[in-house]
Every structure is written in C-alpha cells, then in structure tokens.
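Please read the structure below before turning to the comments.
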Amino acid sequence: MREMIPKLYIVIPCYNEEEILEESLNILTGKLARLVSDGKVDKDSRVVCVDDGSGDSTWDIIARRSSSDNKILGLKFSRNYGHQNAILAGMLESRHIADCVVTIDADLQQDIEAIDDFIAKYMEGCDVVYGIRNDRDTDKAGKKFTAEGFYKLMKLLGADVIPNSADYRLLSKKALNALSDYPESNLFLRGLIPTMGFRSGVVYFDVKDRTGGQSKYTVKKMLSLALNGITSMSTRPLELIVVLGFLFCILALIIFVLSMIDWARGMVVQGWTTTVALLCLIGGMNLLTNGLVGLYVGKAYIEIKHRPRYIIDQAIWDGLADDVETATDRMGD
Ligand code: UDP
Ligand code: MG
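Residue numbers (the working numbering): 2 to 334.
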C-alpha cells in the first residue's frame with residue numbers, strides 16, 4: 002500500500018497529430034485537473050508531449066499550449082524515431098520528477114477514465130500496471146487478424162507478452178529506473194516490461210475510433226514493430242533453423258538412397274523433376290534461413306554501435322533545458 006498522493010506524468014507520443022492534438026490536450030488537462038481536485042494525484046502532475054519528428058504543426062501546438070499552461074511539457078525529437086522511442090523518451094525524462102508515468106496515444110483512442118484505475122492499482126502497491134483492451138471491435142478486420150496472430154506467434158516463440166496490452170500502462174519511479182538500465186535500441190516495450198518483474202496489476206479499458214487524422218502506424222511501421230518484437234524477445238527462430246536443417250538432411254539422405262536404388266535398376270533419367278523441385282526447395286530454404294540469421298546479425302550490429310535511441314532537439318521542461326541535454330547524452334552511453 003502507498004500513502005503519498007503521487008505526482009503523475011502522462012506521456013503522449015505525437016507524430017503528425019495536428020488535427021487532434023489540441024482537443025486531446027483539452028481532454029487530458031481536464032482529466033488531470035479532475036484527478037487533482039479528487040485528491041488522486043499531486044497538483045504538480047503534468048502532461049508530457051513527445052513530438053516524434055512531425056512534419057506538420059504539431060510542435061507549434063505543443064509550444065503554444067505549454068506557454069499558456071504550465072501543466073503541459075514538451076520534447077521535440079530531431080527526427081522521427083518511432084513510437085516506442087517516443088514513449089521511452091517521455092518516460093525516462095519524466096522519471097526524475099514523477100512518482101509514476103502513464104503512457105497513452107495522442108489520439109486518445111484508449112479510454113482515459115481508466116487512469117483512475119491505474120492510480121488505484123499504483124496506490125495498492127503495484128509498480129507496473131498493464132492496460133488491457135476489452136475487445137478489438139473498433140479495429141479493422143485486417144489489423145485485428147494480424148494483431149491476434151502476432152500475439153499467438155510471440156507466445157509460441159516463448160516471449161512473455163500479455164495479449165492485447167497496448168502501450169497504455171503505468172510505471173512507477175522504481176520500474177522506470179529499472180527500465181533505464183536496459184540499453185537496447187531494438188525496443189519492444191510490450192515484451193521488455195514483463196521481463197523486469199515487480200508487483201504488477203492489470204486494468205481493462207475500452208478502445209474508441211480515432212476522432213481525426215489517419216493512423217500513423219503504417220504497414221511498414223507495424224511490420225518493423227512486429228519484427229523487432231520477435232527478434233528482440235526470442236532466439237527461437239534460430240533454433241528452428243537448426244531443426245529444419247536437420248530434417249532436410251534426413252530428407253536428402255532418403256532421396257539419395259532412393260535414387261541409388263533407381264540407378265541400380267537402370268532408371269537414371271527418371272526423377273529429374275524431383276531433383277529440380279528439391280533443388281528449388283532447398284535453395285529457397287537456404288535463402289530464407291540465411292536471411293533470418295542475417296536479421297539477427299543485423300540487429301546485433303545495430304546494438305553494438307550503442308547509438309542514442311533518440312536525440313532531443315528542443316525541450317519545454319519547467320525551465321530545465323540543460324537537464325534534458327545531459328539526459329540525452331547519458332542515454333547515448
Ligand atoms: N506515433 C509516433 N511515431 C510514429 C508513429 C506513431 O509517435 O512514428 C504515435 C502517434 O502519434 C500516436 C501513437 O503513436 O500517438 C499511436 O499511433 P496511431 O494512433 O496512429 O496507431 P494505431 O492506433 O492506428 O495503432
Ligand atoms: Mg491510434
């Protein structure tokens with residue numbers, strides 16, 4: 002059980018969200034004010050917008066709103082680093098001041114009223130609170146199918162991912178400090194956070210349709226997230242390659258024996274089709290498995306370079322611009 006009312010920082014990643022950001026900020030600051038007046042969070046709680054290298058007026062909106070409302074803070078990336086890095090930056094920069102952080106998408110598709118439940122779980126002593134969506138009815142059929150398939154595949158590959166847990170969650174200061182010790186660039190928070198342990202809880206929430214603008218998760222971004230998820234959490238595909246290679250060796254042996262029998266019976270020309278088919282198959286398998294190994298080697302290559310996961314270009318942070326700069330340096334270590 003916790004006694005102290007927490008200082009809550011709500012982190013929202015924003016990528017070309019000019020159509021909806023203004024309204025989302027109205028809703029979130031309203032929600033924060035209610036939480037404060039209900040005595041659920043500290044009056045020094047904030048909303049942190051992380052502009053993930055938007056090409057539109059997203060940053061102008063953040064800058065303007067934060068100049069008139071000190072409850073709104075902003076970080077601006079030097080370019081687009083992706084949703085996962087935007088959330089990470091917001092969380093890591095907030096952890097020095099906040100007692101807990103909730104991350105939520107800028108389109109507020111996730112029900113913000115669930116924040117009360119997040120706080121309640123935090124007060125019960127949880128350090129990690131997962132938001133789990135009630136259903137996927139608002140998703141397009143394609144997204145629903147691929148998302149469900151992905152979670153099944155992750156489970157099969159041995160990664161401990163909680164199905165349908167979006168990046169809508171609460172982390173305590175303790176959990177955030179632990180998260181800051183994970184240096185990987187190949188970031189898949191949904192898989193990473195469960196591996197940290199700590200006392201955790203779940204909160205169920207509804208998902209609405211996007212009220213404006215388009216989904217910023219293009220098919221390419223989604224595929225890259227899924228690939229990151231698999232390759233950062235599991236090396237089982239590499240083990241499967243070995244099994245596959247072994248099976249193909251046995252198959253080749255059987256075929257060798259069969260063709261020797263054919264040869265002994267003087268039927269050498271026959272079986273040409275099988276040979277070609279098998280050649281193609283084995284060639285294909287070779288390419289595929291080499292590619293898969295290459296994928297992991299590539300990821301390892303990126304990791305050993307230790308490049309910063311994001312670079313902050315500008316910050317509106319209670320007048321602490323310098324602190325943010327050192328924070329960025331530190332993350333590049
Ligand atoms: N987003 C981001 N960087 C990106 C893509 C998306 O920060 O490169 C943010 C986006 O602004 C939103 C959140 O990630 O706040 C989720 O994106 P979106 O709502 O478009 O995804 P969907 O709900 O369709 O999965
Ligand atoms: Mg969305």
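The beta-carbon is built from N, C-alpha and C at its ideal position, and this holds for glycine as well. Owing to the predicted nature of the structure, the values given are computational and were not obtained by experimental measurement.
In chain order, what residues of the same chain have a beta carbon less than 6 Å from the beta carbon of I113, not counting five sequence neighbours either side? By one-based count along the sequence shown, residue 113 stands at place 112. Closer than 6 Å at the Cβ level, and outside the excluded window around I113, lie K32.
Meets three-Cβ-pair contact criterion under 8 Å: the stretch 15-31 and the stretch 50-67: yes
Apply the 10 Å Cβ neighbour rule to Q111 and answer buried if 16 or more other Cβ atoms are within range, or exposed otherwise. Within the sequence shown, numbered from 1, the residue matching residue 111 stands at position 110. Classification for Q111: buried.
Span of the alpha helix (DSSP H) holding G31? As a position in the sequence shown, residue 31 is number 30, starting the count at 1. 22-38 is the span of the alpha helix (DSSP H), which, as asked, contains G31.
For a cutoff of 9 Å on Cβ pairs, would you count D140 as touching chain E? Among the protein chains of the structure shown there is no chain E, as only one such chain exists.
Cβ-based burial, D330 [other Cβ within 10 Å; buried from 16]: Within the sequence shown, the letter at position 329 stands for residue 330. Note on D330: pLDDT 43, under 50, position unreliable in the model; the coordinate value appears next. Exposed is the call here.
Who are V51's beta bridge partners in DSSP? What you label residue 51 is simply residue 50 of the sequence shown in a count that begins at 1. DSSP lists P14, L76 as partners of V51.
Reduced DSSP category for Y169 - H, G, I as helix; E, B as strand; rest coil: As a position in the sequence shown, residue 169 is number 168, starting the count at 1. Correct three-state label for Y169: strand.
Counting Cβ pairs, one atom from each stretch, are 3 or more of them under 8 Å apart for the stretch 172-184 and the stretch 135-149? no
Beta-bridge pairing of T104 - partner residues as DSSP gives them: Mapped onto the sequence shown, residue 104 falls at position 103. Beta-bridge pairing links T104 to V12, R170.
Below 7 Å CB to CB, which residues in the same chain sit around R134 once its five sequence neighbours on both sides are set aside? Here residue 134 refers to the residue found at position 133 when the sequence shown is read from its first residue. Only N165, A167, F206, V208 meet the Cβ criterion.
Beta-ladder partner(s) of V203, from DSSP: As a working mapping, residue 203 is identified with position 202 in the sequence shown. Y131.
C-beta atoms of K222 and H84 nearer than 9 Å: Counted from its first residue, the sequence shown places residue 222 at position 221. Counted from its first residue, the sequence shown places residue 84 at position 83. Yes; because the gap between Cβ atoms is below 9 Å, this pair is in contact.
Count the other CB atoms, across all protein chains shown, that sit within 10 Å of the CB of N229; report buried if there are 16 or more and exposed otherwise. As a position in the sequence shown, residue 229 is number 228, starting the count at 1. The residue is buried, with at least 16 neighbouring Cβ atoms inside 10 Å.
Under 9 Å between C-beta atoms of D1 and F151: The requested residue 1 does not occur in the structure, where the chain is confined to residues 2 to 334.
For the putative contact between C50 and C101, defined by C-beta atoms under 8 Å, what is the C-beta separation to the nearest angstrom? Numbered from its first residue, the sequence shown carries residue 50 at position 49. Numbered from its first residue, the sequence shown carries residue 101 at position 100. At roughly 18 Å, the Cβ-Cβ gap does not stay under 8 Å, so C50 and C101 are not in contact.
Option nearest A160 by Cα separation, candidates Y169, P184, L190: Here residue 160 corresponds to residue number 159 of the sequence shown, with the count starting at 1. Among Y169, P184, L190, the Cα nearest to that of A160 is on L190.
Residues that Q111 bridges to, as DSSP identifies them: On the sequence shown, position 110 is the one that residue 111 refers to. Paired residues: V208.
Give me the Cα-Cα distance between S186 and L93, rounded to the nearest whole angstrom. In the sequence shown, the residue the question calls residue 186 occupies position 185. In the sequence shown, the residue the question calls residue 93 occupies position 92. In a straight line, the C-alpha of S186 is about 14 Å away from that of L93.
Consider the C-beta atom of S186 and the heavy atoms of the ligand UDP; say whether any pair is separated by less than 8 Å. Translated into the one-based positions of the sequence shown, residue 186 becomes position 185. Outside the cutoff, so no.
Considering only C-alpha positions, which residue in the set M2, R3, E23, L9 is nearest to G214? Looking up residue 214 in the sequence shown gives position 213. The residue with the shortest Cα to Cα distance from G214 is E23.
Where the beta carbon is closer than 5 Å to any heavy atom of the ligand MG, which residues qualify, in chain order? D106, D108, Q110
Would you report the Cα separation of A121 and F199, rounded to the nearest angstrom? Position 120 of the sequence shown holds residue 121. Position 198 of the sequence shown holds residue 199. Cα-Cα distance, rounded: 17 Å.
Nearest candidate by alpha-carbon position, reference I305, set C281, P184, T290: Mapped onto the sequence shown, residue 305 falls at position 304. The candidate whose alpha carbon is nearest that of I305 is P184.
Return yes when the Cβ of I6 is within less than 9 Å of the Cβ of L29, no when it is not. For the purposes of this step, residue 29 is taken as residue 28 along the sequence shown, with counting starting at 1. For the purposes of this step, residue 6 is taken as residue 5 along the sequence shown, with counting starting at 1. It is not a contact, given that the beta carbons lie outside the stated cut-off.
Anyone know if the C-beta pair for I11 and V103 falls short of 9 Å? As a position in the sequence shown, residue 11 is number 10, starting the count at 1. As a position in the sequence shown, residue 103 is number 102, starting the count at 1. Yes, these two residues count as a Cβ contact at 9 Å.
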